[in-house]
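I have placed the structure first, in the form of structure tokens, so that the comments after it can refer back to it.
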Amino acid sequence: MAYQDTPLVIGGRTFGSRLMVGTGKYRDNATMVQAIAASGAEVVTVAVRRVSLDRTKDEGILYHLDPQRFFLLANTAGCYNAEDAMRYARLAREAGFNEFVKLEVIGDQETLLPDVAGLLEAARQLAKEGFKVMAYTNEDLITALRLEDAGCVAVMPLASPIGSGLGLLNPYHVRIIKQRLTVPVIVDAGVGTASDACITMEQGVDGILMNTAIAAAQDPVAMGHAMKLAVEAGRAAYLAGRMPRREVAVPSSPTTGMLS
Amino acid sequence: MNAALPRLHAITDDRVAGESWFPARAAQLAQAAGAELAVHLRARVLEGGAFLALARELRAAIASHGSWLVVNDRADVARAAGAQAVVTGRTGLVTEDVRRVAPGLAVGRSVHGAVEARAAADEGADFLVAGAVYETPTHPGEKPSGLAVVRAAAGTGRPVIAIGGVTPARTPEVVAAGAWGVAAIRALWDAPDPAAAARAFLAALPARGTLALQVNGEPREAPAGTTLAGLLAQLGLDPRAVVVEHNRRIVRREGLAEAGLAEGDAVEIVHFVGGG
Chain A
1 MAYQDTPLVI GGRTFGSRLM VGTGKYRDNA TMVQAIAASG AEVVTVAVRR
51 VSLDRTKDEG ILYHLDPQRF FLLANTAGCY NAEDAMRYAR LAREAGFNEF
101 VKLEVIGDQE TLLPDVAGLL EAARQLAKEG FKVMAYTNED LITALRLEDA
151 GCVAVMPLAS PIGSGLGLLN PYHVRIIKQR LTVPVIVDAG VGTASDACIT
201 MEQGVDGILM NTAIAAAQDP VAMGHAMKLA VEAGRAAYLA GRMPRREVAV
251 PSSPTTGMLS
Chain B
1001 MNAALPRLHA ITDDRVAGES WFPARAAQLA QAAGAELAVH LRARVLEGGA
1051 FLALARELRA AIASHGSWLV VNDRADVARA AGAQAVVTGR TGLVTEDVRR
1101 VAPGLAVGRS VHGAVEARAA ADEGADFLVA GAVYETPTHP GEKPSGLAVV
1151 RAAAGTGRPV IAIGGVTPAR TPEVVAAGAW GVAAIRALWD APDPAAAARA
1201 FLAALPARGT LALQVNGEPR EAPAGTTLAG LLAQLGLDPR AVVVEHNRRI
1251 VRREGLAEAG LAEGDAVEIV HFVGGG
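Right under this line is the structure:
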């Protein structure tokens, strides 16, 4: 590799890819499996839901994803208060794969923005119970700092609302969160296409989690591949250090030796 | 008690427990009678370590069918082996002491007449094993107590398991005398077809009622005595692929076979699905 990077370590575990992907919204499981393979992601998120008692619906995700190959990160998506989120987290842990949870406490149905009061309450309690909490939150520095204090192993500010594909709306705040926190910062939600992922990684964050950008692309497998390249490119560019911005042109070619 | 007391009790003695076919035959009985079967392990000649090893082997053979493991006398072995109940005799530990050693397990006392039955009920035993009702080859020459011992024990209000020479043909009169269930040694273990013998006993015993449950928010019925493991089997679900919550408490996979269901219980069965 042309550049040196440190490995991504979250909660004492080293991960091989800075791109984490969701498993929702794919048109079929075969496409999901191929798209995830193309993305090179190691961490894949899953949700906890009731089994279908009539057995006519599709089976659980574990029939399609090999838990030996992927790191299953359970989320608490769909939970609107701390108590529900903790209940889902405990059920997820009982599945027996790991003690990590992607904690979401949603505050509003339309924007799916987080309820930070409920999030902090659940994060504190789950951390006490030995969970490794990765908290989905606003791009708000103070909340991010409090989540770190609460014992979260990673803080996951959004780029823009879940499923919106609006890209990184607030690079300044994401950058400042990354600068001020000790735990890894993983941007979660809102990336729409490869350039969004690249710009996000250029802020210096430790990784990105995305779902819809890949699942809802015209060709999810090709987009999975694009995202892998974008995350790598953005990371490399961040490490390389970009040139300073100027508002006037500076020629790239010599100004001397011109013909008279 | 955690779940309804089974009605058919297969009792072992030192001979049965020592036979090489014992665990396999216990599994046959368990398959035939499911949650209606309790296998009592009684092995007076074994030291604690060997007794516990045998109890664990027996439990492994029957637990997946929802059958109970009942350990005689050794409350410590019962607890270590994950048994559902302990039965002690006249000279064994009293109920209070069994509970001290094995909290949460059902306690049965073996009784031989009205006075013992009353005493066992007063000390808080969960069920009584009353006999011998008929003359048996296990105790030759002993005068059986007849149905009177069943009536006396049933008079305490505790569930009574009638023991001693009980056969499927005699089961109706034993039940009519107030027995909740019956116990047998030879009639089950030494039958040419143990599973058929178990079914013959069950046919002569009262059928179980059904429980109304809420499973994943939907009304569902299950036979009384069903455990969570039994419910998953009934729904065709692999316990390794799901997580179960019983009345808002998570039940660990290894505890599913012991978790009995009661009327009105709420069960949630979840798994991982695609999500972001």
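Chains as they are written, first to last, in the working numbering: chain A, 1 to 260; chain B, 1001 to 1276.
Backbone N, C-alpha and C fix where the C-beta goes; we use that ideal spot for every residue, glycine too.
Taking 9 Å as the cut-off, the Cβ atoms of B:Val-1077 and B:Ser-1110 do not count as close.
The continuous beta strand (DSSP E) containing A:Lys-102 extends over residues 100-103. Using a 10 angstroms sphere on the CB of A:Asp-115, the tally of other CB atoms reaches 16 or more, which defines it as buried. Around the C-beta of B:Asp-1193, fewer than 16 other C-beta atoms lie within 10 Å, and the residue is accordingly described as exposed. Within the segment 40-65 of chain A, contact with chain B at the beta-carbon level (separation under 7 Å) is assigned to Thr-45, Val-46, Ala-47, Val-48, Arg-49, Arg-50, Val-51, Leu-53, Arg-55, Gly-60, Ile-61 and Leu-62. A:Leu-73: member of the beta strand (DSSP E) spanning 71-75, first to last residue. A contact is defined here as three or more CB-CB pairs under 8 Å, and the segment 1049-1061 of chain B fails this definition with respect to the segment 1086-1102 of chain B. Between the C-alpha atoms of A:Ile-214 and A:Val-205 there is a straight-line separation of about 20 Å. Secondary structure note for B:Gly-1108: its beta strand (DSSP E) is the uninterrupted segment 1106-1111.
Annotated as proximal: A:Val-187 and A:Gly-207, with beta-carbon spacing under 9 Å. The count of Cβ pairs closer than 8 Å, one atom from the segment 1120-1139 of chain B and one from the segment 1154-1163 of chain B, reaches three, so the stretches are in contact. Chain A has a Cβ within less than 9 Å of the Cβ of B:Ala-1241.
Taking all protein chains shown into account, A:Leu-103 has 16 or more neighbouring C-beta atoms within 10 Å of its C-beta and is therefore buried. Annotation: B:Arg-1240 to A:Ser-52 spans about 16 Å, alpha carbon to alpha carbon.
When Cβ-Cβ separations below 9 Å define contact, A:Gly-192 makes no contact with chain B. Among the residues of chain B, those whose CB is under 9 Å from the CB of A:Leu-72 are Phe-1272, following chain order.
In this structure, B:Ala-1085 is the residue among B:Glu-1116, B:Gly-1155, B:Ala-1085 and B:Ala-1027 with its C-alpha nearest to the C-alpha of B:Arg-1042. Note on B:Trp-1021: under 16 other CB atoms within 10 angstroms of its CB, so exposed under the neighbour-count rule. Excluding sequence positions up to five before and after A:Glu-99, its CB lies within less than 7 Å of the CB of Arg-93, Gly-130, Phe-131 and Lys-132, all in the same chain and listed in chain order. The closest CA to that of A:Asp-28, considering only A:Val-250, A:Lys-228 and A:Pro-220, is found on A:Pro-220. About 4 Å separates the Cβ atoms of A:Val-46 and B:Phe-1272, confirming a contact at the 8 Å cut-off. The continuous stretches of beta strand (DSSP E) do not include B:Ile-1163, and DSSP gives it neither H nor E. Across the segment 1215-1248 of chain B, CB contacts with chain A closer than 7 Å involve Val-1215, Asn-1216, Glu-1218, Leu-1235, Gly-1236, Leu-1237, Ala-1241, Val-1242, Val-1243 and Glu-1245, in sequence order along the chain. Going by C-alpha positions, B:Pro-1168 is about 53 Å away from A:Glu-83.
The secondary-structure analysis by DSSP pairs B:His-1271 across a beta bridge with A:Arg-49.
In terms of beta-carbon proximity, A:Met-134 stays away from the interface with chain B, with every pair separated by 9 Å or more. Put simply, the CB of A:Thr-23 is near chain B, with a gap under 9 Å to one of its CB atoms. Interface with chain B (9 Å Cβ-Cβ cutoff): A:Asn-211 is included.
Under the three-pair Cβ rule at 8 Å, the segment 1148-1157 of chain B counts as touching the segment 1173-1182 of chain B. Counting the other Cβ atoms within 10 Å of the Cβ of A:Lys-228 gives 16 or more, which makes it buried. In this structure B:Thr-1171 is buried. Its beta-carbon is surrounded by 16 or more other beta-carbon atoms within 10 angstroms. According to DSSP, B:Ala-1184 shares a beta bridge with B:Ala-1010. For B:Gly-1275, the chain A residues whose C-beta falls within less than 7 Å of its own C-beta are Gly-22, Thr-23, Gly-24, Thr-45, Val-46, Ala-47, Asn-75 and Ala-77, listed in chain order. A straight-line Cα-Cα distance of about 24 Å links B:Ala-1030 and B:His-1246. As DSSP reads the structure, A:Ile-177 sits in no beta bridge. For B:Ile-1011, no chain A residue has a Cβ inside 8 Å of its Cβ, as the nearest lies near 37 Å away.
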